[in-house]
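All the letters of the sequence shown, read from the start, carry residue numbers 9 to 682 under the working numbering.
Beta carbons: idealized from backbone N, C-alpha and C, even for Gly.
Small disclaimer: the values here were computed from a predicted structure and weren't measured.
Below is one structure, written out as structure tokens, with a few remarks after it.
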Amino acid sequence: MFKIFKIRKQIDVPQAPAGGEMPRPDPMLQLDQERQKQLAREEESKHKQLLEEEKAFQQGVVSIRDIIAPAAMRVESHYLMLNDLYVRTMFVMTYPRYVTIGWFAPIINESLTLDIAMFFYPMDIALVLKQLRNKVGVMEAEIIANHEKGAPRDPIAETALRDIEGLRDGLTQGTEKFFQFALYVTLYSKSEEELNLASDQIENLLGMQLIYSRRALYQSEQGFNSTLPLGNDELSISTNMNSSPIASSFPFVSSELTSEDGILYGINRHNNSLILFDRFSLQNANMVVFATSGAGKSYAVKLEILRAMMLGTDVIVIDPENEYQHLSEAVSGAYINVSLNSESKLNPFDLPRGIGGDTKPEDILRSAVITLKGLIRLMIGDVTNAEDSILDRAILETYAKKDISASSDLSNITPPLMSDLEDILLNMEGGEDMALRIKKYTEGTFAGLFNSPTNIRVDNQLIIFSIRDLEDELRPIAMYVVINYIWNIIRSEMKRRILVVDEAWIMMRHEDSAKFMFALVKRCRKYYLGVTTITQDVNDFLTSPYGNAIVTNSSIQLLLKQSPAAVNLIQKTFMLTEGEKYLLLESGLGEGIFFAGNKHAAIKVQASYAEHQIITSDPRQLLEIEEAKKEFEEAMIAENSGEFSGPSRANLMTGRPLTANQAANQMSGPMASR
Ligand SMILES: Nc1ncnc2c1ncn2[C@@H]1O[C@H](COP(=O)(O)OP(=O)(O)OP(=O)(O)O)[C@@H](O)[C@H]1O
Ligand SMILES: [Mg+2]
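What follows is the structure, given as structure tokens:
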């Protein structure tokens, strides 16, 4: 809005002295006055000229209004053209008796370009009460008259009467106010068809809630003006409404992401509120994290792990980059190194023990056969249909060799090994070729990895499987075996758990492992498990059909800084607005958008000092922590031998491994615990 200030120049006019004789004009004085007038005229014309010049100058100055104004505008009866954009305003005409909270949110969440204006005109309560009293009188009289005539009772009239009485109570007690409410939506489209389609969409969305809207015909310009951020209601089409339903029209229910319980994910950048969430309260507890390298994906997830552990959630991590070792040390987790020469062994033939519920051994065996076939395809490459059925039989026979069949008691078995399968295949017709290809994993270079009985213990709240030291070729296979092993743990005992798969694109590179990952994400809800999938290779992940399905099956999505190459695909997949797209392109460390169900908000992931020490992967800081650790150990030795008598330093400052409890106690800052 613009306020115009007018400045008038005051000119002093000589006043005649009050009373007395008028002095005779003195010729000298007259001459002087003439001169003064002449001077004033000259000054005025100079001033005018100056004003003209200033006006001309102002016309040449480019103001913000010139920059934002369209080059041209054409007003049509059904729409308005703004440059080459088609613009149409719609207004809401009637509302139903009941509206739900956030009824307007679907319109905001629809990916359309639109401007919305809401006008609230407070009304004089006394006037409203008077009108309502008259109305009540008429309605009551009507009901009584009908009753006297012996007509059956009219529920519509009675409901209306009750509503009015309720409103009268509310208004009189001051718990309700009364308004006239105007709601306009202006749509912007590139073509007329698109505009009609968008208008239909809005009408449908509102119509679904029994709210009827109309298009502003022959008033396109007034409609457009009404939704400009100027506060001018040129349409003036309003509905009477009391405060409760008006409050329910507030559409921004999505920017509040605070729930009663859960952990702190970060700070809401819209309003600096906290994003507190319990992922297990959603439809499923899965999460995907997408960002470029170094944007803070692992950091955000590690922070979640630390905080979730405090609430008693078990966490299992597949760590391809040794990024979680420090975290594991800090909370005394189990860190299992999966590599060719590691002591830790995993047997892919393991079966889940003590599985609860009504799952029968034959189902378990069948699913194990399917999983193993997937694994063997990953190991030896494609298999033909004939080979596939041979493999099927061979796996069942391998189990049978160890007395494991559909009727066995699975709680007390010794699972077979890969070499057993190789033996069986060698002795089967048509299986020799496969046996030869498997040999590489039982005797060759890769032996020692998956051809031994499992020897790791998993009774820890945090278990991390590191696969960094594996050759690239072996990584998908190892991840597959590890996930299958984890899947067995999960099925054996029902517990609140999170499984984190970092750099999940490794799994997506092969169809079998991608399919496996997807199956896990789809089924884990029933086992009280939430899978977190982290990936930096957005294009590869989202172009894979399984990757896409994983995204749709994940209620929580965290998008941090994106690269320009990936941002368009991200925008399409997550239906982001242009503004959100640029927000992702320009995000700083740990900044992005957090989606939970159908709500989302801009987030900043924030750790306390103590948490940062545990989860950072900045090599410089890690070195400093290592140094401090060494220093601390030396000091401890010195203290034990009596040389050091000062107070021992806090674990935190020195980076000494903390226990889970210590870590929890030392965490300060905006923590989730209530
Ligand atoms: N929210 C944050 N606040 C402060 N520092 C952060 C934040 N997020 C990340 N960092 C720092 O940024 C660096 C990179 O973070 P991180 O390792 O999480 O990246 P990443 O996305 O997992 O990368 P990559 O894909 O390479 O694994 C780390 O040094 C980390 O300490
Ligand atoms: Mg990472």
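Please report the distance separating the alpha-carbon of Lys-353 from that of Ala-512.
Against the sequence shown, residue 353 aligns to sequence position 345. Against the sequence shown, residue 512 aligns to sequence position 504. Rounded to whole angstroms, Lys-353 to Ala-512 spans 22 angstroms at the Cα level.
Sorted by chain position, which residues of the same chain lie with C-beta nearer than 6 angstroms to Val-559's C-beta, five sequence neighbours on each side aside?
Translated into the one-based positions of the sequence shown, residue 559 becomes position 551. So the list reads Val-296, once near-sequence residues are dropped.
Judging by CA-CA distance, which residue of Glu-200, Val-144, Gln-614, Ala-224 is the nearest neighbour of Asp-171?
Counting from 1 along the sequence shown, the entry for residue 171 is found at position 163. The residue with the shortest Cα to Cα distance from Asp-171 is Val-144.
DSSP state of Leu-631 mapped onto helix, strand, coil:
Start at 1 with the first residue of the sequence shown, and residue 631 comes out as number 623. Of the three classes helix, strand and coil, the one that applies to Leu-631 here is helix, per DSSP.
Can you tell me which of the three DSSP states Val-489 falls into?
To locate residue 489, count along the sequence shown from 1; it is residue 481. Looking at Val-489 - three-state DSSP - the assignment turns out to be helix.
At the level of alpha carbons, what is the spacing between Glu-430 and Val-377?
Indexing the sequence shown from 1 puts residue 430 at position 422. Indexing the sequence shown from 1 puts residue 377 at position 369. Cα to Cα, the separation comes out at about 15 angstroms.
Here's the rule: buried if 16 or more other CB atoms are within 10 angstroms of the residue's CB, otherwise exposed. What is Ala-671?
The residue labelled residue 671 in the question sits at position 663 within the sequence shown. Its pLDDT being 40, under 50, Ala-671 is placed unreliably by the model, and the measurement read from it follows with that caveat. Buried is the call here.
Relative to the C-alpha of Ile-398, which residue among Phe-357, Met-442, Asp-390 is closest?
To locate residue 398, count along the sequence shown from 1; it is residue 390. When only C-alpha atoms are compared, the closest one is Met-442.
Considering only the alpha carbon of each residue, which of Leu-37, Ser-562, Asp-177, Asn-240 lies closest to Gln-291?
Numbered from 1 along the sequence shown, position 283 holds the residue referred to as residue 291. Looking at Leu-37, Ser-562, Asp-177, Asn-240, the one whose alpha-carbon comes closest to that of Gln-291 is Ser-562.
Can you tell me the Cβ-Cβ gap for Phe-1 and Pro-356, rounded? I've got them flagged as a contact below 8 angstroms.
Nothing about residue 1 can be read from this structure; the chain reaches only from 9 to 682.
Buried or exposed, going by whether 16 or more other CB atoms sit within 10 Å of the CB of Gln-565?
Working through the sequence shown from its first residue, we reach residue 565 at position 557. Its Cβ being crowded by 16 or more others within 10 Å, Gln-565 is buried.
Return the chain-ordered list of same chain residues with a C-beta closer than 6 angstroms to the C-beta of Pro-360, the five sequence neighbours on each side being excluded.
In the sequence shown, residue 360 corresponds to position 352, counting from 1. Cβ neighbours of Pro-360 beyond the five flanking positions: Asn-496, Arg-499, Ser-500.
Drop a sphere of 10 angstroms on the beta-carbon of Leu-311, count the other beta-carbons inside from all chains shown, and report buried for 16 or more, exposed for fewer.
Mapped onto the sequence shown, residue 311 falls at position 303. Under this definition Leu-311 is a buried residue.
Just to check, is the beta-carbon of Lys-305 closer than 6 angstroms to a non-hydrogen atom of ligand 2?
Stepping through the sequence shown from its first residue, residue 305 is reached at position 297. Yes; taking the cut-off as 6 angstroms, the Cβ of Lys-305 has a heavy atom of ligand 2 nearer than that.
Span of the beta strand (DSSP E), counted from its first residue to its last, around Asp-327
As a working note, residue 327 is residue 319 in the sequence shown. It spans 322 to 327 - the beta strand (DSSP E) in which Asp-327 sits, taken as one unbroken run.
Near Pro-253, what residues of its chain come up, given a Cβ to Cβ distance below 6 angstroms and the 5 sequence neighbours on each side ignored?
Position 245 of the sequence shown, counting from 1, holds the residue named residue 253. Close CB contacts of Pro-253 within its chain, under the 6 angstroms cut and outside five residues either way in sequence, are with Val-107 (chain order).
Alpha carbon to alpha carbon, how far is His-334 from Ile-623?
Within the sequence shown, numbered from 1, the residue matching residue 334 stands at position 326. Within the sequence shown, numbered from 1, the residue matching residue 623 stands at position 615. Between His-334 and Ile-623, the C-alpha separation is close to 7 angstroms.
Gln-217: CB within 6 angstroms of a non-hydrogen atom of ligand 1:
Looking up residue 217 in the sequence shown gives position 209. Of the heavy atoms belonging to ligand 1, none sits nearer than 6 angstroms to the Cβ of Gln-217.
Is there contact between the region 188 to 199 and the region 235 to 244, where contact requires at least three CB pairs shorter than 8 angstroms?
yes
Less than 7 angstroms separating the beta-carbons of Ala-573 and Phe-526?
Sequence index remark: in the sequence shown, residue 573 carries index 565 (1-based). Sequence index remark: in the sequence shown, residue 526 carries index 518 (1-based). No; because the gap between Cβ atoms is not below 7 angstroms, this pair is not in contact.
Residues of its chain near Trp-111, where Cβ-Cβ distance is below 8 angstroms and the 5 sequence neighbours each way are ignored:
Residue mapping note: residue 111 aligns to position 103 of the sequence shown, counting from 1. Only Gln-217, Ile-219, Ser-256, Ser-257 meet the Cβ criterion.
Can you tell me whether Leu-37 is buried or exposed? The criterion is at least 16 other CB atoms within 10 Å of its CB, across all chains shown.
As a position in the sequence shown, residue 37 is number 29, starting the count at 1. The residue is exposed, with fewer than 16 neighbouring Cβ atoms inside 10 Å.
What does a CB cutoff of less than 6 angstroms around Leu-683 pick up in its chain, not counting 5 residues either side in sequence?
Lying before the first or after the last residue shown, residue 683 is absent from the chain, which here runs from 9 to 682.
If you draw a straight line from the C-alpha of Tyr-590 to the C-alpha of Gly-439, how long is it?
Residue 590 sits at position 582 when you count from the first residue of the sequence shown. Residue 439 sits at position 431 when you count from the first residue of the sequence shown. Their Cα atoms are separated by approximately 56 angstroms.
Suppose the cutoff is 6 angstroms on Cβ atoms and the five residues either side in sequence are ignored; what does the same chain contact list for Gly-538 look like?
The residue you call residue 538 lines up with position 530 of the sequence shown. Cβ within range, chain order: Arg-287, Ala-293, Asn-294, Ile-506.
From the DSSP output, which residues share a beta bridge with Gly-274?
The residue you call residue 274 lines up with position 266 of the sequence shown. Paired residue(s): Ile-283.
Would the C-beta of Asp-327 count as close to ligand 1, meaning under 6 angstroms from any of its heavy atoms?
Taking the first residue of the sequence shown as position 1, residue 327 is located at position 319. Asp-327: no, Cβ never under 6 angstroms from ligand 1.
Top-ranked residue by Cα proximity to Ile-542, from Leu-567, Pro-553, Arg-531:
In the sequence shown, counting from the first residue as 1, residue 542 sits at position 534. Relative to the Cα of Ile-542, the nearest Cα in the group Leu-567, Pro-553, Arg-531 belongs to Leu-567.
Counted within 10 angstroms of its Cβ, other Cβ atoms place Leu-745 as buried (16 or more) or exposed
The structure shown does not extend to residue 745, since the chain spans only 9 to 682, so no value can be given for it.
Cβ-Cβ separation, Val-613 to Ala-308 (assumed contact under 8 angstroms), whole Å
Here residue 308 refers to the residue found at position 300 when the sequence shown is read from its first residue. Here residue 613 refers to the residue found at position 605 when the sequence shown is read from its first residue. Indeed, because the Cβ distance is near 4 angstroms, the residues count as touching under 8 angstroms.
Measuring CB to CB, does Ser-197 end up less than 7 angstroms from Leu-88?
Taking the first residue of the sequence shown as 1, we reach residue 197 at position 189. Taking the first residue of the sequence shown as 1, we reach residue 88 at position 80. No, these two residues do not count as a Cβ contact at 7 angstroms.
When every heavy atom of ligand 1 is checked, does at least one fall within less than 6 angstroms of the C-beta of Asp-548?
Here residue 548 refers to the residue found at position 540 when the sequence shown is read from its first residue. Result no, Cβ not under 6 angstroms from ligand 1.
Using a Cβ-Cβ cutoff of less than 7 angstroms, which residues in the same chain neighbour Met-583 once the five nearest sequence positions on both sides are dropped?
Counting from one through the sequence shown, the residue named residue 583 turns up at place 575. So the qualifying residues of the chain are Ser-119.
Would Arg-223 pass as a contact of Met-98 if the rule is Cβ separation under 7 angstroms?
Translated into the one-based positions of the sequence shown, residue 223 becomes position 215. Translated into the one-based positions of the sequence shown, residue 98 becomes position 90. In this structure, Met-98 lies closer than 7 angstroms to Arg-223 by Cβ.
Ser-340 - DSSP class collapsed to helix/strand/coil
Within the sequence shown, residue 340 is the residue found at index 332, counting from 1. Note: Ser-340 maps to coil in three-state DSSP.
Within 10 angstroms of its Cβ, does Arg-43 collect 16 or more other Cβ (buried), or is it exposed?
Residue 43 sits at position 35 when you count from the first residue of the sequence shown. So Arg-43 counts as exposed.
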